[in-house]
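Report on the structure given below.
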Amino acid sequence: KGINGKSGNGAAFVIYGNDGGSYSNIDVDTLLSSEGFAIYGENASDNMSHSLSSGGDFNADGIDDMLLGAYVNAEGGSNAGAGYMVMGKDGSSRSDVDLVTLTNNDGIKVYGDAADDRLAQATSYGDVNGDGYSDLIMGATLGDNASANGGETVIIWGRDFSQSVVSGLVGDAGANNIV
């Protein structure tokens, strides 16, 4: 099904919990902002949300974030893949998020570095380096930095982003940190 005018772009829906313990049926096509919000994939055929997980509290603001994968996104090459970290927000009313217009106030995008890497076909998080911040973990199942289609795991270190997030930075194999 095409979502938000694109075919195969994918979508994820966040449904807010409540303390009442019961829910009526919710139609995501008519989701009210008081019930939750949608996250729409960036490009046609990206298959965004094939993989999704909590991102823990990646930006250390006290609110959990979301990690979503679009493993056939083509920004880094055909099927290079992309992962999106969408920051959680305080409150129970949020506008839908269209990843086309994702700003560094709402999250970040990490895209695969070569065709057919399929970055973010698997997503997770954990405090990998023991610094107290949630780190993002994304698998590139066919990444070939070490061997042809041998696979790669990409880890983006979490930290306190209260000062600023600078967009447009590009890392390399030796320095893939967000600063």
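In this note's numbering, the protein residues as written are 987 to 1165. Built from N, CA and C at the ideal position, the CB exists for glycine as well. Quantities reported herein were computed from a predicted structural model and do not represent experimental measurements.
Given residue i as reference, the closest of the options once Cα atoms are compared
i, options, result
"T1139", "T1109, V1014, D1050", "T1109"
"I1025", "L1122, D1076, Y1070", "Y1070"
"A1068", "T1087, R1145, A1106", "A1106"
"R1104", "V1000, L1018, D1130", "D1130"
"M1052", "G1074, A1066, A1132", "G1074"
"K992", "R1145, A1030, L1054", "A1030"
"L1038", "A997, G1048, A1066, S1019", "A997"
"G1093", "H1036, N1135, G1144, V1114", "G1144"
"E1061", "D1113, A1101, N1135", "A1101"
"R1080", "D1015, S1019, V1014", "S1019"
"D1113", "I1141, M1034, D1076, D1013", "I1141"
"D1032", "D1121, E1021, A1066, G1022", "A1066"
"D1117", "T1127, L1128, T1089, D1146", "D1146"
Check whether residue i and residue j have beta carbons under 8 Å apart
i, j, result
"L1085", "G1027", "yes"
"Y1002", "S1078", "yes"
"F1044", "L1017", "no"
"D1050", "S1040", "yes"
"G1007", "G1063", "no"
"G1055", "Y1111", "no"
Contact belief for residue i with residue j at Cβ below 8 Å, rounded distance in angstroms
i, j, result
"V1096", "V1083", "Wrong, their Cβ atoms sit about 16 Å apart, outside the cutoff."
Status (buried if at least 16 other CB within 10 Å, exposed otherwise) for residue i
i, result
"V1058", "buried"
"V1165", "Note that V1165 scores 42 on pLDDT, short of 50, meaning its location in the model is unreliable; the coordinates nonetheless yield the value given after this. Its Cβ having fewer than 16 others within 10 Å, V1165 is exposed."
"N995", "buried"
"I1123", "buried"
"G1136", "exposed"
"S1133", "exposed"
"N1163", "Because N1163 sits at a pLDDT of 49, beneath the cut-off of 50, its placement in the model cannot be relied upon, and the following sentence gives the value as read from the coordinates. Exposed."
"D1013", "exposed"
"D1121", "buried"
"N1004", "exposed"
Residue-level contact to chain B via CB, residue i, 8 Å cutoff
i, result
"R1080", "No chain B is part of this structure, which consists of one protein chain only."
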